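K.L.:
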Amino acid sequence: MIRSVLIFNQLGKPRLIKFYEQISASLQQDILREIHGLVAKRPDTLCNFLEGSRSIGGSDTRIVYRHYATLYFVFVADMSESELGIMDLIQVFVEALDRVFENVCELDLIFHFDEIHYVLSEVVSAGMVVETNLSEISRAVNEAKRQAKPDSDHPRLAINTLRRGFV
Amino acid sequence: MAPMKGLTVFIADLRKCRSQEDEERRVNKELANIRTKFKENSLNGYNRKKYVCKLIYMSLLGHEVNIGHKEAVDLVNSTKFSEKQIGYLAASLLIPEGSELMRAVVSSLRRDLYDTNECIVCLALCAATNVATREIAESLTEDVVMLLLAPSGSPFVKKKAALCLLRLLRRFPESVKAQQWAARVIPYMGHRDVGVTLAVTSLVTALAQQQGDEMRKASTFAVRRLRSLVLDGERVADHVYYGVPAPWLQVKLLRLLQYFEPGEQRPELLGILRRIIDESQEAPRELQQMNAQYAVLFEAINLGIHVDVDQGLMHESALLLGRFITSRETNIRFLGLETMAHLAACIDSLEPIKRYQGVIVQSLRDRDVSVRRRALDLLYSMCDVTSAKAIVAELLRHMAIADATLREEMALKVAILTEKFATEYAWYVDVMMRLVSLAGDHMGDEVWHRIVQVILGNEELQLYACRIALQTLRAPVCHESALKVSAYVLGEFGHLIANAPGCAPLDQLKALQARLPAASLPARAVALTAVAKFTNLFPEIKNLCLRLLDRFRGALDAELQQRACEYYALATVESESLLPTVFEEMPPYPERQSALMSRLLSRETDTEDQRTWVVGGRDINRSRSTRKPAEEDSSAVGGKQETIQPTATSATAVAVEAAAPTSLDEPPAQTPEEQERVAKSRKHYARLLWESDGILYDGAEVQVGMMAQYKPPAARIGLFLGNKSAAAICDISIQAESSDKSGDLVIQQATDQDAVPDSLMPLGQARVFFDVRCHRVFPTAPTLRISYTLAGAPTVLELQLPVTAAHFMDPVTISVADFFARWKQLGESSIGESQAVLKTPFLASDADAVQWLRNVAGGMGFALIQGADAVPDNIVAVGIATTEAAGRFGCLMRVEPKPSHSLTRITIRATNPTLAKAVATNISMIFDAR
């Protein structure tokens, strides 16, 4: 299972911290710092996998990360996940963010830190993949967005809108 | 979220902060502001949402936030979707699990799960998944199960419900009552929506690990779905990812199947795997496509290893992997090595992998540390007797240039491999000494502790170890740990080389002393102990040793000072027996699991999903699989009985009629392991014929140690039963009885001791004492019967107890003239003579064999008569055996070793023929076992 999803920039500033197990807030920050230390010094030509850090999981854990512009997207997973599968999942997650924010950049993530959580919850839940189909993900996110609009007149229509999407 | 101006401004403010202090100040100011706002009752929903958002942002940046819990609950209860959304987010991020307010969150969850708006239901499911408290598991599981199983529910809800159950199941398996609904979710693996199938398969995978065989049916669904995706080209429209149909689902299904035995689905599975492997023969051009396709491929190989590791398919996979480990893509190299390590850990013949040994060794130099690590794991997994020397040599070569983070693990693995595959003692000692010199700084104490343990436990190693130890001390550079090992070894066995040129006691002491000034405190402490042992070992340099100890009596370090004072005092006490007793040679360590292995295995932590394999050779993976609970039950049918007869094949064996193994299911075939066990136990038995304590039996499940104290004609025997297995053993009974009813030997449990415990936890030890009285000289050793039950399987161990008439012997010193008079007298009557010519090949190879013979004679209770024989190597000894009813019997012994013929003649003359025979038998067994 995926144990944690982290987004931080090159300086180690957190943009998303999500853990799928009960871990205290201060330890979460420590883990983020440690992983940033491990990842940031690696040139892009090296592989995208690292053995788990001391504070999270040790050698039975894989850190799978991708580097996009100023940001690092890090998934920490146990040995039961396919590393390449996680790689692709990061790509799906980023593409989903891209659709929701239309050309996503670090600033979007800073000012909409709550929305990243909503997008992520459509991709990963309980440490497991929920959905990998981009249109399905953005449809779910946009529907929730529409509902959240203050002038949303027809909240009850939601079910039909969603159902239409499924074959 | 509609933009909230206040929040945007706050975030922008924080971004402008130049230092951590600035940010801290800004946050504190805002926190104070929010506190006052929260106190006002007039707060509207919009503002509440805004402030809670600010709090979430602060906590993301790592600031401690412990307000806003109540406000989060208010938001959860709001009718507005946007407020509810933030409320649930805050509840999962800010409110601690044990808080009273969580209860309020749970009650609104219950309501929202039944909302008619599916978006709200999903929101609640997400929140329940994230929060996942025990209360949710206990009170909401049924509702969530219903959402998953409801025929009318949308896929949108179903997949989230499945994963919510998964989370609750993992956190509180006892609260969700999985057995009530587990079987009903399996059919949803065939749902037409790929998202639902994916989520349910994840749930089923977790259930399969907990419920075991009840989930078997899932494998049928998994195979069916795989076939349709891989072979039938099922159209999954939206889920084709760069040309690969639903790669995540394929991976998940392949993974799930690794938790089941393939059974009759094997042929079909192999067909599917073959197709996946065949299709990957040509490398995809595009990177994304390669990722997706290879993700499936690697998992397929992993499943292939599980299904049928020794099939041709796996040999083909090995070829494919061989190509991957030289790939230009670092990721593929990494995964190739990792998967190959899995293959190496399970495959019977390592040949297809060994072909790539050169490439793998090269990978130790890869520029990526992650790849280097995998290469190390693979080398460790693929090592066997034939390749051990080459691999260990390569690892040692890389140790010098390896990065610090990797070096410790490398050192540990080298130590384990060397011990496991050593076929020559010299090689073991050489490698280990080299290892501590190279990597001493990077490894824990357990490595050098282990070296000492191994040397103590293997007599054959000790002489060579001493030579190397002295060499090490004299080398220009001597590492800390190497110093400790050397000091310890010389302290114990320095006498073995004392006669060699340049190795005299004084030379040994000097070499040790020269290292002291530069050594660290712990190393000096170990060295001091060695010096103290020298006072006992080498009386000729006792004074020098004392002078050295005396110097350290004033050491600044408390530990050193204490040691020096105590050792000094010990060595100067006027007592002949104190020093030899205190510094008696250390007994071999009881064979427990090597500390190194536990260290290596402890690095594996419990992850939420069980691993299907671990890094390491086949044996460790096999033993893992046999530990599965399901198989433990099946092995419980029918008891087994092990009968160990240490004397079974010895030429002059004491005739022991062990109880016929009537309940033996299988014939007592001599499998190699059994032969080895019998040989081992014969060795243990022989050792105890001249040493007072040691191991009597060492099996896979239990170990029996023995300690004997003889006060002829009485003796007290202590037996120690240790549980080596991973489970508790119970119904323990330990009985000893004399082999005949004559009453010549009386053996019974001591009355002044606690009762033997009925059961023993893993690593636990029970002990029981027996009182023995020798009434008359008896011909046969008593029998020890230990029975216990492990995991429902009763086991009876029948051992011969090394207590013979010859044990009730005391040394007697008589003059040379007296000896010859008695020798002649007994020889004339020739009633009590026993003579044998024994093969003793060790005489030629071991310079100290004669000393060893003397030790044996001494250990058996004889006094050596000096100068009685013209040949200096011959041994002449006298002892007297005491019985309770028949009085005392003198016993004379002559041992004539002939190194040139590798033979030794022994002659025993005693006033009792049975006694003479017993002594002769014991000696021949001792020689045999050496």
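Top to bottom, those sequences are chains G and X.
Residues 1 to 167 in full-length UniProt numbering are what the first sequence spells out, letter by letter.
Residues 1 to 930 in full-length UniProt numbering are what the second sequence spells out, letter by letter.
Each residue gets a CB set at the ideal place from its N, CA and C atoms; glycine is no exception.
Treat the numbers as computed from the prediction; the structure is a model and nothing was measured.
Can you name the residues of chain G whose CB is closer than 9 angstroms to the CB of X:R167?
P.N.:
Y20, S125, A126, G127 and M128
K.L.:
When you compare the CB of G:I110 with every CB in chain X, is at least one pair closer than 8 angstroms?
P.N.:
yes
K.L.:
Could you give the distance in angstroms between the alpha-carbon of X:L350 and the alpha-carbon of X:F421?
P.N.:
So the alpha carbons of these two residues sit roughly 15 angstroms apart.
K.L.:
Give me the DSSP bridge partner(s) of X:M443.
P.N.:
DSSP output for X:M443 lists no bridge partner at all.
K.L.:
Rounded to the nearest angstrom, what separates X:L579 and X:V309 at their Cα positions?
P.N.:
Cα to Cα, the separation comes out at about 59 angstroms.
K.L.:
For X:Q749, list the residues DSSP reports as bridge partners.
P.N.:
X:F770
K.L.:
Assuming the contact rule is C-beta atoms closer than 8 angstroms, X:T904 and X:L843 should be a hit. Round their C-beta distance to whole Å, please.
P.N.:
7 angstroms
K.L.:
Going straight from the alpha carbon of X:A920 to that of X:G832, what length do you get?
P.N.:
Each residue's alpha carbon lies about 11 angstroms from the other.
K.L.:
Between X:M925 and X:I880, which are expected to be in contact by the criterion C-beta below 8 angstroms, what is the C-beta distance as a whole number of angstroms?
P.N.:
That pair is no contact at about 22 angstroms.
K.L.:
May I ask which residues mark the beginning and end of the alpha helix (DSSP H) holding X:L784?
P.N.:
It is not in any alpha helix (DSSP H) - X:L784 instead sits in the beta strand (DSSP E) that spans T783 to L790.
K.L.:
Identify the contact partners of G:L11 in chain X, using a Cβ-Cβ distance below 8 angstroms as the criterion.
P.N.:
Simply none; closest approach about 12 angstroms.
K.L.:
State the beta-bridge partners of X:G718 as determined by DSSP.
P.N.:
X:M707 and X:F769
K.L.:
8 angstroms is my cut-off, CB to CB: does G:T70 come that close to chain X?
P.N.:
Cβ-Cβ to chain X under 8 angstroms: no for G:T70.
K.L.:
How many angstroms separate the CA atom of X:R373 from the CA atom of X:L343?
P.N.:
Distance between the alpha carbons of X:R373 and X:L343 is about 17 angstroms.
K.L.:
Compute the Euclidean distance between the alpha carbons of X:S902 and X:L364, then round it to the nearest angstrom.
P.N.:
Straight-line Cα distance between these residues: approximately 48 angstroms.
K.L.:
Which first and last residues belong to the alpha helix (DSSP H) in which X:A184 is found?
P.N.:
What sits at residue 184 of chain X in the sequence shown is Arg, not Ala. Note, X:R184: alpha helix (DSSP H), A182 to V185.
K.L.:
Does X:I401 pass the burial test, meaning 16 or more other C-beta atoms within 10 Å, or should it be called exposed?
P.N.:
The C-beta of X:I401 has fewer than 16 other C-beta atoms within 10 Å across all chains shown, which makes the residue exposed.
K.L.:
Hey, does G:G85 have any beta-carbon neighbour from chain X nearer than 8 angstroms?
P.N.:
By this cut-off, G:G85 is an interface position.
K.L.:
With 8 angstroms as the threshold, decide whether the Cβ of X:D238 is near any Cβ in chain G.
P.N.:
yes
K.L.:
Got a sec, what are the start and stop residues for the alpha helix (DSSP H) X:A415 sits in?
P.N.:
A404 to F421
K.L.:
What are the residues in the stretch 837–870 of chain X lying within 7 angstroms of chain G by C-beta distance?
P.N.:
none
K.L.:
Please report the straight-line C-alpha distance between residue 962 of chain X and X:Y568, rounded to a whole angstrom.
P.N.:
For chain X, the structure presents residues 1 to 930; residue 962 of chain X sits outside this window and is missing.
K.L.:
Answer with buried or exposed for X:G743, where buried requires no fewer than 16 other C-beta atoms within 10 angstroms of its C-beta.
P.N.:
Burial call: exposed.
K.L.:
Using alpha carbons as the reference points, say which of X:V196, X:I455 and X:A128 lies closest to G:V129.
P.N.:
X:V196
K.L.:
Helix, strand or coil: how does DSSP classify X:M809 here?
P.N.:
strand
K.L.:
Under 7 angstroms between beta-carbons, which chain X residues line up against G:I17? List them in chain order, please.
P.N.:
L60
K.L.:
For X:C730, list the residues DSSP reports as bridge partners.
P.N.:
Residue pairing by DSSP puts X:C730 in a beta bridge opposite X:T789.
K.L.:
Is X:M4 closer than 8 angstroms to X:K37 when the C-beta atoms are compared?
P.N.:
no
K.L.:
Please state the DSSP three-state secondary structure of G:H67.
P.N.:
strand
K.L.:
Report the residues of the stretch 151–176 of chain X with a CB closer than 7 angstroms to any CB of chain G, ordered along the chain.
P.N.:
Answer in chain order: S154, P155, F156, K159, K160, L163, C164, L166 and R167.
K.L.:
Smallest Cα separation from X:P762: which of X:A781, X:S787 and X:L721?
P.N.:
X:L721
K.L.:
Mapping DSSP to helix, strand and coil, what is X:E329?
P.N.:
Collapsing the DSSP output to three states places X:E329 in coil.
K.L.:
Report the option in X:E394, X:A817 and X:L516 whose CA atom is closest to the CA atom of X:L548.
P.N.:
X:L516
K.L.:
Buried or exposed for X:T405, going by 16 or more other Cβ atoms inside 10 Å?
P.N.:
exposed
K.L.:
Please compile the residues from chain A whose C-beta is within a distance smaller than 7 angstroms of the C-beta of G:F101.
P.N.:
The question asks about chain A, but that chain is absent: this structure's protein chains are G and X.
K.L.:
Any beta-carbon of chain G closer than 8 angstroms to the one on X:W427?
P.N.:
no
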